[in-house]
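Novice: The opening residue of the sequence shown carries number 28 in our numbering; numbering runs sequentially from there. Just dropping this structure here.
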Amino acid sequence: MSIKSLAAYTLPTSEEIPSNKVSWPFEPHKSALLIHDMQQYFVEFYGQDNALIDQVVKHIAELKQYCKANNIPVYYTAQPQQQPEGDRALLNDMWGKGLPEHPEKQPIIDALYPDQDDIVLTKWRYSAFYRSPLKEMMDNSSRDQLLICGIYGHIGVMQTGVDAFMNDIKPFLVADGIADFSREDHLLALNYIARNAGRVVSKDHLINTPVNTEPNIAFTKSSLRAQIAPFIEDADELQDDDNLMDFGLDSVAVMTLISKWQQQGINANFVDLAKTPSIDGFWQVISQSSGQEGQA
28 MSIKSLAAYT LPTSEEIPSN KVSWPFEPHK SALLIHDMQQ YFVEFYGQDN ALIDQVVKHI
88 AELKQYCKAN NIPVYYTAQP QQQPEGDRAL LNDMWGKGLP EHPEKQPIID ALYPDQDDIV
148 LTKWRYSAFY RSPLKEMMDN SSRDQLLICG IYGHIGVMQT GVDAFMNDIK PFLVADGIAD
208 FSREDHLLAL NYIARNAGRV VSKDHLINTP VNTEPNIAFT KSSLRAQIAP FIEDADELQD
268 DDNLMDFGLD SVAVMTLISK WQQQGINANF VDLAKTPSID GFWQVISQSS GQEGQA
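Right, dumping it as structure tokens:
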């Protein structure tokens, strides 16, 4: 039932990308990147010195670098070490005990390890949307395009693409940023998405897209308070030095706000914000990260 050793194959070329039914333009300011299941447990089925997975990892790293440079939020999926029977359920029938039998292989591979401001989603089923806040976080940050790369193409990658489409989020499958059980399975995933649920593109198509630079809207302490208000209770009673966690602000909301601020050229760090969870504290972190003088 477990996954067998996976052999290398040649990645699809640009000429082999299927004809897309839709012609959605890639819009970086509306996009997020999802790096799907690149955990040691899954990657190791390709073995050492596997040209396929080495090339895919390189392409994903290049795509992530582009996204970080252009304030595109980066999400990861990762199965947890512990998966109770009720949570794993039918996955046991299909794949056996899987990752929980090898908890030491749970981390994402070193070459793609998440940065502090990246968001790691707990993975329970094939789709990254299942039991995760992914849709909510994208909605709250006004992003409706999802760039999908990782493993395995015809399983979780394809299913996540279909779920994105069903949630009115435009999926872009990165044809040469995906690895699969075989070339046949890989092409199956690309063809299905291109015909039914999204757009298939190459890594170069994305990273060669110019990013429009628009002047940032002035960011003030007043606008900070206005952006936080929808995520808390009793916003009218909040004082600048009050602990935002006491008013209901949680980590998901903070990551959503960070994604929104990135669109405004502000690279606030989650760890720094968590140290000072107040309007005053957030404003100090934001002022330092943007190099601007504090404005009320």
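C-beta atoms are modelled at their ideal positions from N, C-alpha and C, and glycine is treated no differently. Source: prediction; values computed, not measured.
(1) Give the DSSP bridge partners of residue 172, in chain order.
(2) How should residue 104 be labelled, buried or exposed, when 16 other C-beta atoms within 10 angstroms of its C-beta is the threshold for buried?
(3) According to DSSP, what are the bridge partners of residue 300?
(4) Residues in the same chain with beta-carbon distance under 7 Å from residue 240, minus the five sequence neighbours each way, listed in chain order, please.
(5) Classify residue 284: buried if its beta carbon has 16 or more other beta carbons within 10 angstroms, exposed otherwise.
(6) Just the C-alpha distance for residue 313 and residue 250, rounded to the nearest angstrom, thanks.
(7) Could you check which residue in 172, 108 and 163 has the C-alpha nearest to that of residue 150?
(8) The beta strand (DSSP E) that contains residue 227, what's its start and end?
(9) Since residue 96 is in the alpha helix (DSSP H), which residue starts that stretch and which ends it?
(10) Taking the continuous alpha helix (DSSP H) assigned at residue 285, which residues delimit it?
(11) When you compare the CB positions of residue 146 and residue 171, do they come within less than 7 Å of one another, or not?
(12) State the Cα-Cα distance for the pair residue 75 and residue 44, rounded to the nearest angstrom.
(13) Please name the residue in 46, 36 and 29 whose C-alpha comes closest to that of residue 223.
(14) Counting pairs of Cβ atoms below 8 Å between the stretch 214-228 and the stretch 172-188, do you hit three or more?
(15) Ordered along the chain, which non-local residues of its own chain (more than five positions away) have a Cβ less than 7 Å from that of residue 188?
(16) DSSP on residue 153, reduced to helix/strand/coil?
(17) Going by Cα to Cα distance, which pick from 191, 143, 137 and 141 is closest to residue 159?
(18) If I measure Cβ to Cβ from residue 65 and keep anything under 8 Å in the same chain, skipping five residues before and after, which residues do I get?
(19) Just to confirm, are residue 203 and residue 38 a CB contact at a threshold of 7 Å?
(20) By Cβ distance, which residues of its chain are closer than 8 Å to residue 309, with the 5 residues on each side in sequence left out?
(21) In angstroms with no decimal places, state the Cα-to-Cα distance between residue 277 and residue 269.
(22) Give me, in chain order, the residues of the same chain whose beta-carbon lies closer than 7 Å to that of residue 29; leave out the 5 immediate sequence neighbours on both sides.
Specialist: By the coordinates alone:
(1) 58 and 197
(2) buried
(3) Partner(s): none; residue 300 has no beta bridge.
(4) Confidence in residue 240 is poor, its pLDDT being 47 and thus under 50, which makes the residue's placement unreliable; the coordinate value appears in the next sentence. Nothing meets the Cβ criterion.
(5) buried
(6) 12 Å
(7) 108
(8) 226-228
(9) 78-96
(10) 278-289
(11) no
(12) 28 Å
(13) 46
(14) yes
(15) 175, 198, 200, 220, 224 and 225
(16) coil
(17) 191
(18) 84, 87, 103, 135, 136, 139, 177 and 178
(19) yes
(20) 251, 255, 271, 295, 300 and 303
(21) 15 Å
(22) 122 and 123
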